[in-house]
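J.:
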Amino acid sequence: MLSAMAKPGRDLTAVFDQISAIGSQPGAGVTRLAASAEDGAARDAFARWMEGGGARIVHDEVGNQFACFEWAGKNVPWIFAGSHLDTQPRGGRFDGTLGVLAAGSAALDLHEEIRTGQFKPSRNLAVLNWTNEEGARFQPSLTGSSVFSGALPLHEALGLQDGSSISLREALAAIGVDGDGSAVPPRPEAYVELHVEQGRKLIEAGRQIGIVEGTWAARKIAVRWIGRAAHTGPTPMSDRRDALLAAAQGITAFETLIAARHPQLHRSAARIVIEPNSPNVVVERATVWFELRGLDVEELNAAGRAVLAAFELAAANTGTRIELVADTLRAPANMDPRMMKIVDGAARGCDFIPLIMRSVAGHDAVALQNSGIPCALLFVPSADGVAHHPDEFTKQEDVAAGLMVLRAALRDLVQRGYHAG
Ligand SMILES: [Zn+2]
1 MLSAMAKPGR DLTAVFDQIS AIGSQPGAGV TRLAASAEDG AARDAFARWM EGGGARIVHD
61 EVGNQFACFE WAGKNVPWIF AGSHLDTQPR GGRFDGTLGV LAAGSAALDL HEEIRTGQFK
121 PSRNLAVLNW TNEEGARFQP SLTGSSVFSG ALPLHEALGL QDGSSISLRE ALAAIGVDGD
181 GSAVPPRPEA YVELHVEQGR KLIEAGRQIG IVEGTWAARK IAVRWIGRAA HTGPTPMSDR
241 RDALLAAAQG ITAFETLIAA RHPQLHRSAA RIVIEPNSPN VVVERATVWF ELRGLDVEEL
301 NAAGRAVLAA FELAAANTGT RIELVADTLR APANMDPRMM KIVDGAARGC DFIPLIMRSV
361 AGHDAVALQN SGIPCALLFV PSADGVAHHP DEFTKQEDVA AGLMVLRAAL RDLVQRGYHA
421 G
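Heads up, the sequence shown is in UniProt numbering, so the first residue is 1 and it goes up one at a time.
#1: Considering only the beta carbon of each residue, do T318 and A222 sit closer than 8 Å?
#2: Work out the CA separation of M357 and A367 for me, nearest whole Å.
#3: Say yes only if the C-beta of G53 is nearer than 7 Å to one or more non-hydrogen atoms of ligand 1, and no if none qualify.
#4: Taking the DSSP output, what are the residues bridged to N129?
#5: Anyone know if the C-beta pair for A34 and N132 falls short of 8 Å?
#6: Which runs of the beta strand (DSSP E) fall wholly inside the region 308 to 393 and span at least 3 residues, in chain order?
#7: Under 8 Å between the Cβ atoms of I166 and G40?
#8: Output yes or no for whether 8 Å exceeds the beta carbon distance between Q88 and A136.
#9: Compute the Euclidean distance between the alpha carbons of N301 and D364, then round it to the nearest angstrom.
#10: From V192 to A126, what does the alpha carbon distance come to, in whole angstroms?
#11: As a quick exercise: from L308, G233 and R321, pick the residue whose alpha carbon is nearest that of N280.
#12: Here's the rule I'm using: 16 or more other beta-carbon atoms within 10 Å means buried, otherwise exposed. How should I83 be labelled?
#13: Does V405 come out as helix, strand or coil in the three-state DSSP assignment?
#14: Any heavy atom of ligand 1 within a distance shorter than 7 Å of the CB on G227?
#15: Taking the beta carbon of L98 as the centre, do at least 16 other beta carbons fall within 10 Å, making it buried, or is it exposed?
#16: Would you list the one or two residues that DSSP bridges to S268?
#17: Pick out whichever of T256, E70 and P153 has its Cα sitting closest to the Cα of V62.
#18: Can you tell me which of the three DSSP states R224 falls into?
#19: Whose CA, out of L257, S141, A243 and L308, lies closest to the CA of V273?
#20: Can you tell me which of P186, A55 and V100 puts its alpha carbon nearest to the alpha carbon of V76?
#21: State the Cα-Cα distance for the pair A151 and N370, rounded to the nearest angstrom.
#22: Assign V414 to one of two classes, buried (16 or more other C-beta atoms within 10 Å of its C-beta) or exposed (fewer than that).
#23: Would you kindly work out how many angstroms separate the C-alpha atoms of R224 and A315, rounded to a whole number?
#24: Just the C-alpha distance for A253 and G104, rounded to the nearest angstrom, thanks.
#25: Are there any heavy atoms of ligand 3 lying less than 7 Å away from the beta-carbon of H111, as far as the coordinates show?
#26: When the Cβ atoms of the region 339 to 359 are set against those of the region 201 to 212, are three or more pairs found closer than 8 Å?
#27: From G210 to I353, what distance separates their C-alpha atoms?
#28: Straight-line CA distance for T31 to D239?
#29: Taking only three categories from DSSP, how would you classify T256?
#30: By Cβ distance below 7 Å, which residues in the same chain neighbour R330 in space, the five residues on each side in sequence not counted?
#31: Can you look up N301 in the DSSP assignment and give me helix, strand or coil?
#32: By alpha-carbon positions, which one of A401, I342 and L265 ends up nearest to A106?
#33: How is Q161 classed by DSSP in three states: helix, strand or coil?
#34: Going by alpha carbons, who is nearest to G214 out of G294, L128 and A14?
#35: Go ahead and label M237 buried or exposed: buried means 16 or more other beta carbons lie within 10 angstroms of its beta carbon, across all protein chains shown.
#36: Does F149 come out as helix, strand or coil in the three-state DSSP assignment?
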């Protein structure tokens, strides 16, 4: 009955299915890398949906997409809500996409409430699709939100190159996203993001709504071992300087060391690039991307020092040398207490008892919060905690719960603003 009454433009399920199909392959999930043709198609579908509901679409120079509802007029503060439409290769349907589309759906509902005089807005609202949150095609991740918040210079972001040496600037131009930044709303008064949990805490606690109080820190280290290319046949064993062997020793040492000394840290070596990558050439260059995540920055620093020493040892053992490609620390974020209170009030007003929790993963809300924009991050359950995999799934009733709380929080913010919260 409910769905028969809902206006088609506000139907979250229909637009979610439409956008989930873009970049989807049977059995292989969704591949919608940032600024790819698929990302372009998803951006277009999102824009059409929002424009159909009365929004004005603008882009900034890094391709962040804003669906603007100027309800309260010029020169009044803005509230932002959203997430990202890009995915990992063979990713899931819910990560990011749910947050953008739920915010869009909530905005269309509020638009209708305002049009029919159900409440008077004192703030404008923009629904956001941030560029390259995933960091799959271009590193670092959280690119669009980091540029918007001022942590990443625009020219650096546009100059980032993918694995085929295509820059983000070129990739955005290729899909027709060439925003000049004019008519983009200013820094918002507050930002709300709905995201899938990517863990099991909500399901274990039997809750449908999580409110994130803060995130873990992440140390991301990329190292390159450099040996010497040589024929894999005749080259005497004693002459070889094999960069892949060094990387293998480095990865094994990393795993053993962190497991023994820092078992509470989450660790991964998840990407390797070897050159020239031919079966008949001893590997000259092997680049590996490592990650350590934890709550305690001191511990991440100690662990980082220890693994760098282990990587040096792997180089010494194999006659290779080592180059540090990247070594960054993303500080743990604490979400804004007043925003936590606002979304808590919204959740309780919808009869949910939220779980206060920490996020291991980074999200656009973290980039914005770290720049001083008051942010709230809401979680809904992920079946079995599965994330970055085609099986990623959030039940219909949990999606509905998240949408209801997001809409209530945005209604409150648009009506009363952040300071009255
Ligand atoms: Zn995400």
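Don't be surprised by glycine CBs; every beta carbon is placed ideally from N, CA and C.
These figures come from a predicted structure and were not determined experimentally.
T.: Straight from the coordinates:
#1: No. Outside cutoff.
#2: Roughly 18 Å separates the two Cα atoms.
#3: Every heavy atom of ligand 1 is 7 Å or more from the Cβ of G53, so no.
#4: BP columns for N129 point to Q65 and S83.
#5: Yes.
#6: Whole beta strand (DSSP E) segments, 3+ residues: 321 to 330, 355 to 359 and 375 to 380.
#7: No, the Cβ-Cβ distance between I166 and G40 is not below 8 Å.
#8: In this structure, A136 lies closer than 8 Å to Q88 by Cβ.
#9: Straight-line measurement puts the Cα of D364 at about 24 Å from the Cα of N301.
#10: Taking the straight line joining both Cα atoms gives about 11 Å.
#11: Ranking L308, G233 and R321 by Cα distance to N280 puts G233 first.
#12: Reading off the sequence shown, one finds Ser at residue 83, where the question assumed Ile. With 16 or more other Cβ atoms within 10 Å, it is buried.
#13: Helix, per DSSP.
#14: It does not: the Cβ of G227 is nowhere closer than 7 Å to a heavy atom of ligand 1.
#15: L98 comes out buried.
#16: Its beta-bridge partners are E291.
#17: Measuring from the Cα of V62, the nearest candidate turns out to be P153.
#18: Three-state result, R224: strand.
#19: Residue A243 is the option with its Cα nearest to V273.
#20: Checked all of P186, A55 and V100; the closest Cα to V76 is P186.
#21: So the two alpha carbons sit approximately 9 Å from each other.
#22: Buried, because 16 or more other Cβ atoms sit within 10 Å of the Cβ of V414.
#23: Their Cα atoms are separated by approximately 10 Å.
#24: Straight through space, the alpha carbons of G104 and A253 are spaced by roughly 46 Å.
#25: Summarising the ligand content, the structure contains ligand 1 and does not contain ligand 3.
#26: The region 339 to 359 is in contact with the region 201 to 212.
#27: Whole-angstrom Cα-Cα distance: 9 Å.
#28: Distance between the alpha carbons of T31 and D239: 43 Å.
#29: Three-state result, T256: helix.
#30: For R330, where only same-chain residues beyond five positions count, the Cβ hits under 7 Å are A217, A218 and G362.
#31: Here N301 sits in helix by DSSP.
#32: Of the listed residues, the one whose Cα sits closest to A106 is A401.
#33: In this structure, Q161 counts as strand in the three-state DSSP scheme.
#34: Closest by C-alpha distance to G214, out of G294, L128 and A14, is G294.
#35: So M237 counts as exposed.
#36: Note on residue identity: the sequence assigns Ser, not Phe, to residue 149. Judged by DSSP in its simplified three-state form, S149 adopts helix.
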